[in-house]
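First the structure, in the form of structure tokens, and then the observations on it.
Numbering (the numbering used here), first residue to last: 615 to 941.
Here it is in structure tokens:
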């Protein structure tokens, strides 16, 4: 296909922007063929006299760009017109065609939700990472983060989202949901995601965050007693949960107390890896508030977000020559 003047002009520019570099990274590390094969059986075939659907590769890339930049359906449609970098990533040439509109993306997102494909996208990305030797199964770090929901009642029902709830963190109350994750203690990559209302306790979701083959489980002090819960009785692992703050402060200043304090510091250094995927999702992808009503729709988005976060976190290791050679 002949390049348009704008494509040639863009390709000739000397400065590589951060957006260019970021999209190039996502393009390079995403298992596009596997994701397209996953979605293709459910994607409209365009049979009959109706308008032919936009190609799956373009819609998938538009959806990925939307998640990575934290944009609404209308926002990513506008971005396709405003940003040559995003147009090139999606594969749109405005000299020959119009960009997919927000309604088309809405239908694509609903198709993913209807067939629970975002969960399978997450699993497919993780299978790709596991093939590269980047996800181990020896240890899991469990943690959760609050994601705010709009408290506004300016909607058709004139009510706040009934599936979201308040949760207290420190001295402050937050309205929204929680994203619970299980993270591989070696690589720092997310292997399990669970979305709940904001008032669900972290420790109650521990069993759902474990794959069952762990030899070690790490968690902050909020997971004290996790090993005694009915849903974790089958887990044959060493539980390395943080000591409660008051108990740690009360440690004696003798040799034993100093040793226990060093053990706590070591556990904390391992648990710190769980903050990296939260940082990518909340700060890099700008996902600090729920975008939809209801837990199911927002949990579906979390699968996509954490799957893409894994690719971002694993980028350097995926691009290393020895990793590429192992594939």
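No residue lacks a Cβ here, since even glycine has one placed at the ideal position from N, Cα and C.
For residue i, which of helix, strand or coil comes out of DSSP?
i           : result
residue 718 : helix
residue 818 : helix
residue 924 : helix
residue 854 : strand
residue 598 : Shown here, the chain extends from 615 to 941; a query on residue 598 therefore has no answer.
residue 938 : Bear in mind that the predicted position of residue 938 carries a pLDDT of just 46, short of 50, making it too unreliable to give a figure here.
residue 788 : strand
residue 741 : helix
residue 771 : coil
residue 629 : coil
residue 903 : strand
residue 893 : helix
residue 709 : coil
residue 726 : helix
residue 763 : coil
residue 615 : Reliability of the predicted coordinates at residue 615 is poor, the pLDDT of 43 falling under 50, and no value is obtained from them.
Starting from residue i, trace the alpha helix (DSSP H) in both directions and tell me its first and last residue.
i           : result
residue 676 : 670-683
residue 695 : 687-696
residue 811 : Run containing residue 811: none in the alpha helix (DSSP H); it sits in the beta strand (DSSP E), 804-811.
residue 653 : 646-653
Can you name the start and end residues of the beta strand (DSSP E) that residue i belongs to?
i           : result
residue 929 : Note, residue 929: premise wrong, no beta strand (DSSP E); alpha helix (DSSP H) at 929-933.
residue 749 : Unbroken run through residue 749: none, as it is neither H nor E.
residue 636 : Element bounds for residue 636: not the beta strand (DSSP E) but the alpha helix (DSSP H), 632-643.
residue 831 : 830-833
residue 838 : Counting along the chain, residue 838 falls outside any beta strand (DSSP E), and DSSP gives it neither H nor E.
residue 656 : Taken as a continuous stretch (DSSP letters only), residue 656 belongs to no beta strand (DSSP E), as it is neither H nor E.
residue 781 : 779-783
For residue i, which residues of its own chain have a beta-carbon under 7 Å away from its beta-carbon, when the five flanking residues on both sides are left out?
i           : result
residue 877 : none
residue 881 : 832, 854 and 856
residue 738 : 645, 648, 649 and 652
residue 911 : 727
residue 867 : none
residue 851 : 828, 829, 830 and 831
residue 679 : 690, 700, 703 and 704
residue 773 : 767
residue 837 : 756, 816, 817, 820 and 855
Just to confirm my understanding: we take residue i, look at its own chain, exclude 5 residues before and 5 after, and list those with CB closer than 8 Å. What are they?
i           : result
residue 849 : 821, 824, 826, 828, 831 and 841
residue 762 : 788, 789, 790, 902, 903 and 904
residue 723 : 677 and 687
residue 891 : 795, 797, 802, 803, 804, 920, 923, 924 and 927
residue 765 : 774 and 789
residue 684 : 899, 900 and 901
residue 875 : 862 and 865
residue 843 : 817, 818, 820 and 821
residue 973 : Any question about residue 973 goes unanswered here, given that the chain covers just 615 to 941.
Among residues of its own chain, excluding the 5 on either side of residue i, which ones have a beta-carbon nearer than 6 Å to its beta-carbon?
i           : result
residue 736 : 917 and 921
residue 658 : 667
residue 728 : none
residue 634 : 699
residue 775 : 763 and 907
residue 673 : 722
residue 807 : 795, 916, 917 and 920
residue 615 : The predicted model places residue 615 with a pLDDT of 43, which falls under 50 and marks its position as unreliable; any figure quoted below should be read in that light. Around residue 615: no qualifying Cβ.
residue 734 : 652
residue 913 : 809
residue 888 : 755, 757 and 797
Three Cβ pairs or more, each shorter than 8 Å: is that satisfied between the stretch 781-790 and the stretch 743-758?
Not touching, per the Cβ criterion.
Which runs of the beta strand (DSSP E) spanning at least 3 residues fall entirely within the stretch 860-890, listed in chain order?
none
Sufficient close CB pairs (3 or more, under 8 Å) joining the stretch 692-706 to the stretch 888-902:
Counting Cβ pairs under 8 Å, fewer than three are found: no touch.
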